[in-house]
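Right, one structure below, let's go through it.
There are 2 protein chains.
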Amino acid sequence: MTAKVIDGRKIAKNILENVAKDIKYIKSNYQIKPNITTIIIGSNPESDLYLRLRDKACNEVGIISSHLNLAEDVSEQKVIDSINELNIDEKVHGIFVQFPLPKHLAIDKIINTIDPSKDVEGFTSHNMGCMLLGEEYIIPCTPLAVLKILENEKYDVKGKDIVIVNHSNIVGKPLTALLLNRNASVSVCHIFTKNLKQYTSNAEVLITGAGVPKLITVDLVKKDAFVIDVGIVKKEDRVCGDVDFESVKDIASKITPVPGGVGPVTVACSLENMTKTINNCID
Amino acid sequence: MTAKVIDGRKIAKNILENVAKDIKYIKSNYQIKPNITTIIIGSNPESDLYLRLRDKACNEVGIISSHLNLAEDVSEQKVIDSINELNIDEKVHGIFVQFPLPKHLAIDKIINTIDPSKDVEGFTSHNMGCMLLGEEYIIPCTPLAVLKILENEKYDVKGKDIVIVNHSNIVGKPLTALLLNRNASVSVCHIFTKNLKQYTSNAEVLITGAGVPKLITVDLVKKDAFVIDVGIVKKEDRVCGDVDFESVKDIASKITPVPGGVGPVTVACSLENMTKTINNCID
Chain A
1 MTAKVIDGRK
11 IAKNILENVA
21 KDIKYIKSNY
31 QIKPNITTII
41 IGSNPESDLY
51 LRLRDKACNE
61 VGIISSHLNL
71 AEDVSEQKVI
81 DSINELNIDE
91 KVHGIFVQFP
101 LPKHLAIDKI
111 INTIDPSKDV
121 EGFTSHNMGC
131 MLLGEEYIIP
141 CTPLAVLKIL
151 ENEKYDVKGK
161 DIVIVNHSNI
171 VGKPLTALLL
181 NRNASVSVCH
191 IFTKNLKQYT
201 SNAEVLITGA
211 GVPKLITVDL
221 VKKDAFVIDV
231 GIVKKEDRVC
241 GDVDFESVKD
251 IASKITPVPG
261 GVGPVTVACS
271 LENMTKTINN
281 CID
Chain B
1001 MTAKVIDGRK
1011 IAKNILENVA
1021 KDIKYIKSNY
1031 QIKPNITTII
1041 IGSNPESDLY
1051 LRLRDKACNE
1061 VGIISSHLNL
1071 AEDVSEQKVI
1081 DSINELNIDE
1091 KVHGIFVQFP
1101 LPKHLAIDKI
1111 INTIDPSKDV
1121 EGFTSHNMGC
1131 MLLGEEYIIP
1141 CTPLAVLKIL
1151 ENEKYDVKGK
1161 DIVIVNHSNI
1171 VGKPLTALLL
1181 NRNASVSVCH
1191 IFTKNLKQYT
1201 SNAEVLITGA
1211 GVPKLITVDL
1221 VKKDAFVIDV
1231 GIVKKEDRVC
1241 GDVDFESVKD
1251 IASKITPVPG
1261 GVGPVTVACS
1271 LENMTKTINN
1281 CID
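Residue numbers (our numbering), protein chains in the order written: chain A, 1 to 283; chain B, 1001 to 1283.
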């Protein structure tokens, strides 16, 4: 049997339709022009692509996506001052800081300058801590996209054996907290894991985001697993994930492709988060 | 071979000696009387025991441990007002809220009223979030005690297969983040885990805090595992943990007993955290 291939673009479309409705409601009931501002420091071709996709989606649902461009060698204080100005600017309803940042800037200091109520990505310590403690409100977009994909399949994670291959601050660690909040049994693997197969071969749900093409071959996957590929690697002109899709799809029950899987859902989740920060500004 | 039995009281003694030195230094260099205030709402025999142990330890190192007793049926606003008063009181250098709280009070709202710089237990969303993101400063006492025990044995967790049986906000979830920050492979089990043995039998380090006596029998433990028992259950006049100590000590390489294992180290860690909040007030 071949796995059901999850259509990330369709899930994204549904999310964006709801976002568009919410934005329309906000505009017709409050005298505001929803505006999200992204601070972009220097330039990075990979994040530029993501930014273009987000700007396009914002335009479609009626959110103004402003850019604040700062030079590659900007001082940390200048970035912090800029964020503080956006925090108190009533015309700005959400703030992004585009990653990756130049190395001379302290990420945590910069992110924690963002007012948590305008923190579209849920990366401030306050929002992360709330999430860890089960008070979920603004959740980082990629983990949120994974939850949306599971929910869309009506997949209840409670008691399920789930393996995450990624332990970063923006994917693996928040996703672990979110799945523990839902009473899944969660294992987290990464580059220092000695025997990846020992973990993945027992996974009813396998979520991988290592950024290593074909890391997940068919022999690592449990029969009938739900495989969610968060990996994004550019190979020549193409984008691919961690999973050896062609072979794994024959053993998995459900699988997300790359492209067209987690990616578009992540962009849509980013816009759903924007509606939350916009609502915070109204309340 | 029989496991090395970890002497928690000895580890605690070392920590407390350092705390005493720090407090002595602070007192002789700054004109302050270190004072930690615990808000106690109603009464609870189990938490009273822990409180007595902490008060005794505070007394020994020269920290004043004040109690603010509030009635069992106190209003949430009154608790919040009391915390806000302590936040701005320059004579108070750290704040505890004694758990468990009466059911009519919202834990998260109350805890997040505490100024993170005076948050001795590291339970505020801000401090939890910082920890999740790898900016560890004030860490909840029980997870910190586990780290101290590992460090005391010079046990490097990087790449190790670690299983935690507990997914609570104050033990399992923060401990998972701390161990991921140190690049361990971490699995988290709990009451909804279908096959506990499938996890524990591969654990090089097994940390258990289910509160179920003899949950961890010898057949669940990997040979030469490091077994850390965070469980505390009162059985008649005795205190016991999760681990069937007598049988498991014959297969483990290291094991913490109950009592005399994690418990005293947790109390000592609580005092170490106090020195951090006291220092925050000086800076």
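We put the beta carbon where it would ideally sit given N, CA and C, even for glycine.
Just so we're clear, the structure is a prediction, and the values are computed from it rather than from any experiment.
Have a look at the options and flag the residue whose alpha-carbon is nearest the alpha-carbon of residue i.
i                : options                            : result
E272 of chain A  : A:E204, A:E121, A:C281             : A:E121
L1178 of chain B : B:K1276, B:I1191, B:K1158          : B:K1158
I307 of chain A  : A:I207, A:A71, A:E204, A:P140      : Residue numbering for chain A in the displayed model covers 1 to 283; residue 307 of chain A lies beyond these limits and cannot be assessed.
K1085 of chain B : B:I1107, B:I1232, B:A1057, B:D1115 : At residue 1085 of chain B the sequence reads Glu, which differs from the Lys that was named. Measuring from the Cα of E1085 of chain B, the nearest candidate turns out to be B:D1115.
I1170 of chain B : B:K1091, B:D1161, B:G1231, B:S1028 : B:G1231
K249 of chain A  : A:E136, A:E151, A:I216, A:K235     : A:I216
I1207 of chain B : B:E1246, B:I1255, B:V1218          : B:I1255
G1209 of chain B : B:K1194, B:V1258, B:S1253          : B:V1258
E1135 of chain B : B:N1181, B:D1119, B:Q1098          : B:N1181
V267 of chain A  : A:Y155, A:K56, A:I26, A:S28        : A:K56
C1269 of chain B : B:Y1050, B:S1028, B:K1027          : B:Y1050
L68 of chain A   : A:V97, A:L53, A:K214               : A:V97
P312 of chain A  : A:K194, A:V239, A:H190             : Since the first residue shown for chain A is 1 and the last is 283, residue 312 of chain A is missing from the structure and cannot be characterised.
Could you give the C-beta distance for residue i and residue j, rounded to a whole number, given that I count them as a contact under 8 Å?
i                : j                : result
V1188 of chain B : T1176 of chain B : 6 Å
I1095 of chain B : T1037 of chain B : 6 Å
G62 of chain A   : K24 of chain A   : 7 Å
K1222 of chain B : A1203 of chain B : 6 Å
V243 of chain A  : V227 of chain A  : 6 Å
D1108 of chain B : L133 of chain A  : 6 Å
S82 of chain A   : I39 of chain A   : 6 Å
K78 of chain A   : T277 of chain A  : The pair is not a contact, with the Cβ atoms about 23 Å apart (cut-off 8 Å).
N127 of chain A  : G1211 of chain B : The Cβ separation is near 30 Å, so there is no contact.
With a threshold of 6 Å on Cβ separation, who are the neighbours of residue i within its own chain once the five nearest residues in sequence on each side are excluded?
i                : result
I1080 of chain B : T1113
E1076 of chain B : L1105
F1123 of chain B : I1111
V218 of chain A  : S247, V248, I251
N280 of chain A  : S117
D237 of chain A  : none
Note down, in chain order, each residue of its chain lying with its Cβ closer than 7 Å to the Cβ of residue i, except the 5 sequence neighbours on either side.
i                : result
V1074 of chain B : I1041
L220 of chain A  : L196, K197, T200, S201
P102 of chain A  : I41, G42, E72
K1173 of chain B : H1167
D1229 of chain B : T1208, G1241, D1242, V1243, T1256, V1258, G1261, V1262
F1192 of chain B : none
T275 of chain A  : V19, D22, I23
P143 of chain A  : V171, P174, L175, L178
N1152 of chain B : I1011
Spatial neighbours of residue i within its chain, please: CB distance less than 8 Å, with the 5 preceding and 5 following residues excluded, ordered by chain position.
i                : result
P100 of chain A  : N44, S47
Y1030 of chain B : I1282
V265 of chain A  : G8, I11, A12, I15, A145, K148, I149
I1064 of chain B : K1033, P1034, N1035, I1036, C1058
T2 of chain A    : K249, D250
K160 of chain A  : A184, S185, E204, V205
E60 of chain A   : L16, A20
I1026 of chain B : I1032, P1034, T1275, I1278, N1279, I1282
Counting only beta-carbon atoms, is residue i nearer than 9 Å to chain C?
i               : result
S187 of chain A : Absent from the structure: chain C. Protein chains present are A and B.
(message) Counting only Cβ-Cβ distances shorter than 9 Å, please list the residues of the segment 126 to 148 of chain A near chain B, keeping chain order.
(response) H126, N127, M128, G129, C130, M131, L132, L133, G134, E135
(message) So within the segment 1027 to 1097 of chain B, which uninterrupted alpha helix (DSSP H) runs reach at least 4 residues, ignoring any that extend past its ends?
(response) 1045 to 1061, 1076 to 1088
(request) Could you list the residues in the segment 1145 to 1174 of chain B with a C-beta less than 9 Å from some C-beta on chain A, going in chain order? (result) K1158, G1159, K1160, D1161, V1163, H1167, N1169, G1172, K1173, P1174
(message) Could you tell me which whole beta strand (DSSP E) segments of length 3 or greater appear in the segment 1111 to 1166 of chain B?
(response) 1161 to 1165
(message) Please identify, using Cβ separations under 8 Å, the residues of the segment 1092 to 1108 of chain B that lie next to chain A, in order along the chain.
(response) D1108
(request) For the segment 1209 to 1228 of chain B, enumerate the residues whose C-beta is nearer than 9 Å to any C-beta of chain A, in chain order. (result) none
(message) Extract the residue ranges of the beta strand (DSSP E) inside the segment 1190 to 1237 of chain B, only unbroken runs of 3 or more that lie entirely within it.
(response) 1205 to 1208, 1226 to 1229, 1233 to 1235
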